[in-house]
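**Q** Have a look at the structure that comes next, please.
Residue numbers (our numbering), protein chains in the order written: chain R, 1 to 298; chain U, 299 to 607.
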């Protein structure tokens, strides 16, 4: 045996595709990438950034759990969810860059934009643990709200006139249904487990609930693209998401949290690039290596 | 005695010993120790590379790295499951890890200082692990051998990803090439130590070879790793920090310098740069998660009693 790993390579070829690892970049093979007629390119790029940033920022947060989860199975599950969201982010940022048409790519959008240029909702960026801002209960509470909202959005987005958004949404729907189910099962366990775990999930839901109003505020770009049959007006999601969340809370024997919403700044929030103070630190960590070595190849 | 003779026959014939088969107590305890240490290594091994997930400099590298560290959690799970087929309990094994009573691979007691370390760990550390682990796919205990087939396939994937990252970095800027060489300099000797002490000083080797738990000696595997790695280094354009590393025509192998065994034993005994940090991290995660595991167990118990009622 000259090479210990020769016997492990089943196809025996020297191709390079192994380096893709997770196959995200191959997900939309064969999809028509032309922008539909009459759709404003700037609006579509901005919209893809919004949905892409939501996924990128929450993936960054969820990956913080890696090697820190309450049990190994949960470590694997949270990494899976983070990987799904990272995959969604890559498809959407790639689409944003392509539609924008000034030669940027997914990495320039992820690594070289500043805080004010990020378009994610604030719910995605807040520290819900394992850092000091939260714990497993808060993480699960956010995942329940976020995935319920995004699943409702992506279900509608499968009908988008933009073939890339439609295909990305179709892939995402399956993933998000699993994320929502995973979160809902944990809400039931934590609410019905011990007295302490019930306190933690109640506190977690209260914390994240303060960022829920923002999920249903329609940005002008979202309104324009909803009219064009390309995007989804988030205001239209409220009844359905409320219903899903109420169902889970009822099954868990929990009340819907009654908390004051975190205010927008002069009417502006995440979709306008107005974030919480946590966002700058998150981006500093995300972007540090990429920014400190201009011209490097990765 | 018939049982023992049957066990010896199965092992000598290169057949597999299965969980319900009779086996000597020493065989069982040796396997539990080895499989548990292997599982612990996978779990502790999540930390050095996990250190770079949040800062990976491209989205593709971030996805690859997160998937890789996730695979390590999965490997830990299969291996703990294999240990459980021998009567061990995962919670007890975890207790032994976080209380320092059971060891894991010393390689993870070194820090990852730059993103190049991610690539070098894939290439050299996973490469050394594969050399150690490929023969375990034919180890005499069935569940361990079968777990190792899947582990080795994924490790092989990781190793190639690491090498591909280094190739890309070597094709980048001078600063990137310097980072790669620096990381190689730091990881080369610890990688050679991964094969364990020299055969003359390896207390467990002989019995484990007899039971066909181990199939090659530490020094044989180390030599194989050196022989494989040198041409890969040449192709990559890096050097190993060993002036005595030269081809020996007579032996048909590379000669290499003396490993610093004093350092090896220091790190094994707890005095490496990251020993305390790695165990503390694992203990913290385990303790922080206790209330969640208790909640899940309490919930399951309630559901069971409801189902009975």
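Don't be surprised by glycine CBs; every beta carbon is placed ideally from N, CA and C.
For a contact meaning CB atoms closer than 9 Å, what does residue 467 of chain U contact in chain R?
**A** By one-based count along the second chain, residue 467 of chain U stands at place 169. In chain order: 296, 297, 298.
**Q** So what does DSSP say about residue 265 of chain R, is it helix, strand or coil?
**A** One-based indexing of the first chain puts residue 265 of chain R at position 265. Strand.
**Q** Cβ atoms of residue 38 of chain R and residue 162 of chain R: under 9 Å apart, would you say?
**A** Start at 1 with the first residue of the first chain, and residue 162 of chain R comes out as number 162. Start at 1 with the first residue of the first chain, and residue 38 of chain R comes out as number 38. In this structure, residue 38 of chain R does not lie closer than 9 Å to residue 162 of chain R by Cβ.
**Q** Counting Cβ pairs, one atom from each stretch, are 3 or more of them under 8 Å apart for the region 369-389 of chain U and the region 324-333 of chain U?
**A** As far as the Cβ criterion goes, the region 369-389 of chain U touches the region 324-333 of chain U, which means the pair count is three or higher.
**Q** Is the shortest distance between the beta-carbon of residue 356 of chain U and the beta-carbons of chain R less than 9 Å?
**A** In the second chain, counting from the first residue as 1, residue 356 of chain U sits at position 58. Output row for residue 356 of chain U: interface = yes.
**Q** Under DSSP, the alpha helix (DSSP H) around residue 544 of chain U begins and ends at which residues?
**A** As a working mapping, residue 544 of chain U is identified with position 246 in the second chain. Segment 544-546 is the beta strand (DSSP E) holding residue 544 of chain U; no alpha helix (DSSP H) there.
**Q** Compute the beta-carbon to beta-carbon distance between residue 368 of chain U and residue 208 of chain R, rounded to the nearest angstrom, for a pair I have assumed lies under 8 Å.
**A** Position 70 of the second chain, counted from the start, is the residue given in the question as residue 368 of chain U. Position 208 of the first chain, counted from the start, is the residue given in the question as residue 208 of chain R. No, residue 368 of chain U and residue 208 of chain R are not in contact; Cβ-Cβ is about 25 Å, not under 8 Å.
**Q** In terms of alpha-carbon separation, which member of U/358, U/581, U/344, U/434 lies closest to residue 463 of chain U?
**A** As a working note, residue 463 of chain U is residue 165 in the second chain. For the residues U/358, U/581, U/344, U/434, the minimum Cα distance to residue 463 of chain U belongs to U/358.
**Q** Under the rule that 16 or more other beta-carbon atoms within 10 Å means buried, what is residue 489 of chain U, buried or exposed?
**A** Stepping through the second chain from its first residue, residue 489 of chain U is reached at position 191. Per the 10 Å Cβ criterion, buried.
**Q** Under 9 Å between the Cβ atoms of residue 97 of chain R and residue 56 of chain R?
**A** Here residue 97 of chain R refers to the residue found at position 97 of the first chain. Here residue 56 of chain R refers to the residue found at position 56 of the first chain. Cβ atoms of residue 97 of chain R and residue 56 of chain R: not closer than 9 Å.
**Q** Could you check what DSSP says for residue 376 of chain U in three-state terms: helix, strand or coil?
**A** Taking the second chain and counting its residues from 1, the one referred to as residue 376 of chain U is at position 78. Helix, per DSSP.
**Q** At the 9 Å Cβ level, is residue 367 of chain U part of the contact set with chain R, yes or no?
**A** Taking the first residue of the second chain as 1, we reach residue 367 of chain U at position 69. True, the Cβ-Cβ gap to chain R drops below 9 Å.
**Q** For a contact defined as C-beta to C-beta under 8 Å, what are the partners of residue 194 of chain R on chain U?
**A** Start at 1 with the first residue of the first chain, and residue 194 of chain R comes out as number 194. Those are 589, 592, 593, 596, listed as they occur along chain U.
**Q** So who's on the other strand from residue 315 of chain U, going by DSSP bridges?
**A** Locating residue 315 of chain U in the second chain gives position 17, where the first residue counts as 1. Answer by DSSP bridge pairing, in chain order: U/439.
**Q** Under a Cβ-count criterion, where at least 16 other Cβ atoms within 10 Å of its own Cβ denotes burial, should residue 552 of chain U be classed as buried or exposed?
**A** In the second chain, residue 552 of chain U corresponds to position 254, counting from 1. It counts as buried.
**Q** What are the boundary residues of the alpha helix (DSSP H) that residue 43 of chain R is part of?
**A** Position 43 of the first chain, counting from 1, holds the residue named residue 43 of chain R. Residues 41-63.
**Q** How many angstroms separate the CA atom of residue 150 of chain R from the CA atom of residue 277 of chain R?
**A** The residue you call residue 150 of chain R lines up with position 150 of the first chain. The residue you call residue 277 of chain R lines up with position 277 of the first chain. About 24 Å.
**Q** Secondary structure at residue 297 of chain R, three-state DSSP: helix, strand or coil?
**A** Here residue 297 of chain R refers to the residue found at position 297 when the first chain is read from its first residue. Reduced to three states, the DSSP call for residue 297 of chain R is coil.
**Q** Pop quiz: residue 481 of chain U and residue 414 of chain U are said to be a contact at Cβ under 8 Å. What is the actual Cβ separation, rounded to whole angstroms?
**A** Counting from 1 along the second chain, the entry for residue 481 of chain U is found at position 183. Counting from 1 along the second chain, the entry for residue 414 of chain U is found at position 116. Yes, they are in contact, since the Cβ atoms of residue 481 of chain U and residue 414 of chain U sit about 4 Å apart, within 8 Å.
**Q** Which same chain residues, not among the five before or five after residue 637 of chain U, have their C-beta less than 6 Å away from its C-beta?
**A** Past the edges of chain U, shown from 299 to 607, lies residue 637 of chain U, and the structure says nothing about it.
**Q** For residue 552 of chain U, list the residues DSSP reports as bridge partners.
**A** On the second chain, residue 552 of chain U is found 254 positions in, with the first residue counted as 1. Paired residue(s): U/545.
**Q** Under 7 Å Cβ-Cβ, which residues of chain U neighbour residue 242 of chain R?
**A** Start at 1 with the first residue of the first chain, and residue 242 of chain R comes out as number 242. Neighbours of residue 242 of chain R on chain U: none; closest Cβ ~25 Å, over 7 Å.
**Q** Can you list, in chain order, the residues of its chain with a C-beta nearer than 7 Å to that of residue 11 of chain R? Leave out the 5 residues immediately preceding and following it.
**A** Indexing the first chain from 1 puts residue 11 of chain R at position 11. Its pLDDT being 45, under 50, residue 11 of chain R is placed unreliably in this model, and the value from its coordinates should be taken loosely. Nothing listed; no residue qualifies.
**Q** Output the boundary residues of the alpha helix (DSSP H) element that contains residue 325 of chain U.
**A** Along the second chain, one-based indexing puts residue 325 of chain U at 27. First-last of the alpha helix (DSSP H) with residue 325 of chain U: 323-342.
**Q** Taking Cβ-Cβ distances shorter than 9 Å, what residues in chain U pair up with residue 69 of chain R?
**A** Position 69 of the first chain, counting from 1, holds the residue named residue 69 of chain R. In chain order: 371, 583, 587, 590.
**Q** Quick test of your reading: residue 145 of chain R and residue 245 of chain R, contact by CB under 8 Å. State the CB separation rounded to the nearest angstrom.
**A** Taking the first chain and counting its residues from 1, the one referred to as residue 145 of chain R is at position 145. Taking the first chain and counting its residues from 1, the one referred to as residue 245 of chain R is at position 245. Residue 145 of chain R to residue 245 of chain R, Cβ: 7 Å. Contact.
**Q** Along chain U, in chain order, which residues have C-beta atoms closer than 8 Å to that of residue 87 of chain R?
**A** Position 87 of the first chain holds residue 87 of chain R. The answer, in chain order, is 361.
**Q** Can you give me the Cβ contacts of residue 286 of chain R inside the same chain, cut-off strictly under 6 Å, excluding the 5 residues immediately before and after it?
**A** By one-based count along the first chain, residue 286 of chain R stands at place 286. Only 60 meet the Cβ criterion.
**Q** Does DSSP put residue 572 of chain U in a helix, a strand or coil?
**A** In the second chain, residue 572 of chain U corresponds to position 274, counting from 1. DSSP places residue 572 of chain U in coil when its eight states are reduced to three.
**Q** Between the region 452-461 of chain U and the region 515-524 of chain U, are three or more C-beta pairs nearer than 8 Å?
**A** The region 452-461 of chain U, when compared against the region 515-524 of chain U, does not touch it at the 8 Å Cβ threshold.
**Q** Name the chain U residues whose beta carbon is nearer than 8 Å to that of residue 48 of chain R?
**A** Walking along the first chain from the start, residue 48 of chain R turns up at place 48. Simply none; closest approach about 14 Å.
**Q** In chain order, what residues of the region 98-115 of chain R put their CB closer than 8 Å to some CB of chain U?
**A** Per Cβ criterion, the list reads 106, 107, 110, 111.
**Q** Hey, how far is the Cα of residue 337 of chain U from the Cα of residue 371 of chain U?
**A** Numbered from its first residue, the second chain carries residue 337 of chain U at position 39. Numbered from its first residue, the second chain carries residue 371 of chain U at position 73. Using only the alpha carbons, I get a separation of about 9 Å.
**Q** Relative to the C-alpha of residue 445 of chain U, which residue among U/382, U/491, U/555, U/362 is closest?
**A** For the purposes of this step, residue 445 of chain U is taken as the residue at position 147 of the second chain. If we check each option's Cα against that of residue 445 of chain U, U/382 comes out closest.
**Q** Is the shortest distance between the beta-carbon of residue 413 of chain U and the beta-carbons of chain R less than 9 Å?
**A** Along the second chain, one-based indexing puts residue 413 of chain U at 115. Residue 413 of chain U counts as touching chain R.
**Q** How many Å lie between residue 72 of chain R and residue 206 of chain R at the Cα?
**A** Here residue 72 of chain R refers to the residue found at position 72 when the first chain is read from its first residue. Here residue 206 of chain R refers to the residue found at position 206 when the first chain is read from its first residue. Their Cα atoms are separated by approximately 27 Å.
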